[in-house]
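For reference, the structure is listed below as structure tokens.
In the working numbering, the protein residues as written are 1 to 692.
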């Protein structure tokens with residue numbers, strides 16, 4: 001999102017100076033002449049900022065109560081990127097009735113991170129000049145960065161109400177609406193911004209993000225392309241285009257886009273994180289290459305830490321542990337579905353939970369999950385340093401990252417070491433690469449003993465499954481086996497299309513060729529786009545699979561609608577090297593067994609962990625040939641499939657995959673054991689700590 005206006009304003013620019021600009025000056029106090037000030041204004045308008053600075057210094061020494069001389073000095077310093085706060089504060093003091101003086105002060109305060117002070121200055125400017133569109137716009141930017149999204153929306157609306165042709169304010173309004181989940185309105189704001197200013201590269205980039213969110217991939221790609229035509233060095237647009245390419249399965253191109261973003265900005269942690277995620281979708285990526293990239297990420301974020309914490313404000317001998325969860329997915333999301341039942345069974349006498357959400361959107365699942373936390377402290381809009389201080393102030397014993405290298409992650413915060421013990425779990429089964437992260441949580445199936453060298457963290461294993469899913473609250477009946485009535489087998493995959501790389505399409509095509517008349521049902525949000533559907537049909541056609549054997553569907557309206565679609569599927573086919581976890585467990589709950597391929601790392605072996613703990617180890621194939629052979633074998637005995645389907649939900653509900661009370665006890669003990677394994681780190685219960 002573009003910030004508010006960054007240029008200081010000076011009254012009288014391009015016009016003859018008027019003494020009223022000085023504000024109230026005591027009778028008899030000397031002030032600069034109009035000629036002196038008009039000369040400086042002319043120099044300022046000609047961008048001779050160094051000369052303006054030098055002459056203004058002379059003037060403020062000669063006329064220390066001249067507000068306008070201080071204003072010119074502050075503006076010249078600001079233009080040169082120099083420290084202008086003192087000059088702007090002096091201006092606002094001497095010219096208390098001048099809206100621009102408070103605007104300029106707010107601008108400086110925001111640029112150096114004094115957001116509360118900046119908000120107050122912009123509000124003083126607006127009290128003097130209520131229709132000041134630039135001040136409304138900049139107030140919105142400061143509010144947005146403070147995490148006050150709805151207040152920011154109101155300020156941006158005031159900006160465009162007072163200046164309907166303010167393209168930047170429309171763009172900023174779009175960004176705030178997008179963050180608030182008001183995507184249709186955000187789209188209108190972005191469209192208005194590019195209509196007003198067709199060469200506004202950042203607005204085209206933001207428009208692309210919005211269209212991509214709506215699964216309008218062709219239009220999104222055009223918007224990103226336009227952003228890069230206007231500004232080829234726009235690293236954000238390269239990164240966003242990479243996200244789009246990843247979403248529609250053009251993984252090699254996505255990797256190239258991320259690398260281009262990193263070429264333009266080598267320390268761009270977000271693009272590097274996205275690259276790490278994308279590489280894990282590619283079969284040719286090795287555990288060693290992914291680890292190397294993660295380590296590089298860790299070194300990048302470590303370089304940005306000013307001073308990491310080495311002492312903490314938590315009790316070394318607590319009666320209960322204070323455990324913080326850092327996540328952007330405390331909502332209707334796969335992570336949220338894993339957490340909701342589990343957290344309700346955590347014993348509050350042993351564990352105090354504190355939530356640190358990283359984005360502002362909330363929904364019905366948020367409402368369900370929020371009461372289990374003693375505190376809900378948003379990190380949205382906070383810098384890494386600010387976020388680490390907020391966490392540190394809460395005296396957290398153990399800090400959990402439940403995002404990994406996925407959207408809304410705040411992995412760089414962990415590099416500041418705001419808690420004495422840090423743990424990665426759930427969001428992305430892979431190493432974080434952050435050296436300060438102490439542990440990664442897994443199990444023996446997902447992380448065998450000889451795989452520990454894949455991680456920068458120490459491996460901590462749960463007694464059985466490392467995940468526990470929450471059974472859907474609305475009962476959905478398991479239908480009879482579809483093949484029993486329709487006369488053919490329906491395979492299915494409801495995984496993200498990004499996981500369907502060319503090797504996956506190759507293998508699934510072999511299965512369809514080996515099982516006569518079988519169909520394949522693919523359902524995912526990307527397939528709501530006509531161009532993506534066409535490309536998907538072409539990919540299978542190139543392997544001899546006609547469109548009559550494929551059923552393609554986009555995202556359905558609700559989780560209930562989504563789960564009910566499994567009643568059309570006989571067997572789910574898993575993706576690789578990035579398999580399903582949420583989708584696989586949902587399929588099992590709906591009576592649909594999942595045929596998966598044995599992986600070679602935590603990410604891939606998560607599927608084996610799910611299968612083994614569900615009591616279905618035979619559904620894990622050692623290689624592609626066995627995958628095809630098992631598909632043929634399992635589909636050759638319909639009665640066995642009917643029997644399996646009829647009892648599968650009860651089997652998995654009784655397994656560790658759904659036993660929230662059991663998992664909660666295991667997790668509590670793991671957290672306490674981690675704390676004790678750290679010994680007694682140097683804690684400063686009441687004292688100051690490094691990193692402040």
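Ideal Cβ placement from N, Cα and C applies to all residues, glycine included. For clarity, every value in this text was computed on a predicted model and none was experimentally measured.
Query: If you draw a straight line from the alpha carbon of residue 645 to that of residue 515, how long is it in whole angstroms?; Result: 20 Å
Query: Give me the Cα-Cα distance between residue 605 and residue 657, rounded to the nearest whole angstrom.; Result: 15 Å
Query: Taking residue 628 as the reference, which of 508, 300, 321, 89 has the closest Cα?; Result: 508
Query: Restricting to Cα atoms, I'd like to know which of 435, 383, 393 is closest to residue 410.; Result: 383
Query: For the beta strand (DSSP E) containing residue 696, list its first residue and its last residue.; Result: Any question about residue 696 goes unanswered here, given that the chain covers just 1 to 692.
Query: Does the count of Cβ pairs from the segment 477-490 and the segment 342-362 closer than 8 Å reach three?; Result: no
Query: Around the C-beta of residue 632, are 16 or more other C-beta atoms found within 10 angstroms, so that it is buried, or is it exposed?; Result: exposed
Query: Going by the beta-carbon positions, is the gap between residue 278 and residue 255 smaller than 9 Å?; Result: yes
Query: Identify, in the order they occur along the chain, each residue of the same chain with its Cβ nearer than 8 Å to the Cβ of residue 132, setting aside the five sequence neighbours on each side.; Result: 99, 103, 125, 126, 162
Query: Leaving aside the five residues before and after residue 671 along the sequence, list all residues of the same chain whose C-beta is less than 7 Å from its C-beta, in chain order.; Result: 321, 323, 351, 398
Query: Which residue from 315, 285, 622, 365 puts its Cα closest to that of residue 335?; Result: 365
Query: Under a Cβ-count criterion, where at least 16 other Cβ atoms within 10 Å of its own Cβ denotes burial, should residue 640 be classed as buried or exposed?; Result: exposed
Query: Between 530, 38, 154, which has its C-alpha nearest residue 215's C-alpha?; Result: 530
Query: Along the chain, where does the alpha helix (DSSP H) containing residue 519 start, and where does it finish?; Result: Premise fails: residue 519 lies in the beta strand (DSSP E), 519-523, not in any alpha helix (DSSP H).
Query: Kindly indicate which residue of 225, 187, 195, 200 has the alpha-carbon position closest to the one of residue 207.; Result: 187
Query: Please report the distance separating the alpha-carbon of residue 591 from that of residue 222.; Result: 42 Å
Query: Mapping DSSP to helix, strand and coil, what is residue 302?; Result: helix
Query: Alpha carbon to alpha carbon, how far is residue 713 from residue 582?; Result: The question about residue 713 has no answer here: the residues shown for the chain are numbered 1 through 692.
Query: Short of 8 Å in beta carbon distance, which residues of its chain neighbour residue 574, apart from the five on each side in sequence? Order them along the chain.; Result: 493, 495, 580, 584, 594, 595, 596, 597, 607
Query: State the Cα-Cα distance for the pair residue 329 and residue 558, rounded to the nearest angstrom.; Result: 17 Å
Query: Which of the three DSSP states is assigned to residue 70 in this structure?; Result: helix
Query: What ranges does the beta strand (DSSP E) occupy inside the segment 310-340, keeping only unbroken runs of at least 3 residues that lie completely in it?; Result: 321-327
Query: Which of the three DSSP states, helix, strand or coil, is assigned to residue 357?; Result: strand
Query: By a C-beta neighbour count over all protein chains shown, 10 Å radius and 16 as the cutoff for buried, is residue 62 buried or exposed?; Result: exposed
Query: Could you please give the first and the last residue of the uninterrupted beta strand (DSSP E) stretch that includes residue 491?; Result: 490-493
Query: Whether or not the segment 291-307 and the segment 616-625 are in contact is what I'm after, with contact meaning three or more pairs of Cβ atoms, one per stretch, closer than 8 Å; do they touch?; Result: no
Query: In the DSSP assignment, find the alpha helix (DSSP H) that holds residue 143 and state where it starts and stops.; Result: 133-145
Query: By alpha-carbon positions, which one of 674, 269, 140 ends up nearest to residue 407?; Result: 269
Query: Return the chain-ordered ranges of every beta strand (DSSP E) run that is complete within the segment 561-624 and spans a minimum of 3 residues.; Result: 571-573, 594-597
Query: Look up residue 439 in the DSSP assignment and give the residues it is bridged to.; Result: 423, 458
Query: Taking contact to mean 3 or more Cβ pairs, one atom from each stretch, closer than 8 Å, check whether the segment 374-383 and the segment 284-293 are in contact.; Result: no
Query: How about residue 144 and residue 169: are their beta carbons less than 9 Å apart?; Result: no
Query: Near residue 435, what residues of its chain come up, given a Cβ to Cβ distance below 7 Å and the 5 sequence neighbours on each side ignored?; Result: 298, 302, 456
Query: Compare the C-alpha of residue 478 against each of 440, 428, 395, 649 and name the closest.; Result: 649
Query: Within 10 angstroms of the Cβ of residue 403, are there 16 or more other Cβ atoms? Answer buried if so, exposed if not.; Result: buried
Query: Between 443, 469, 472, 471, which has its C-alpha nearest residue 459's C-alpha?; Result: 443
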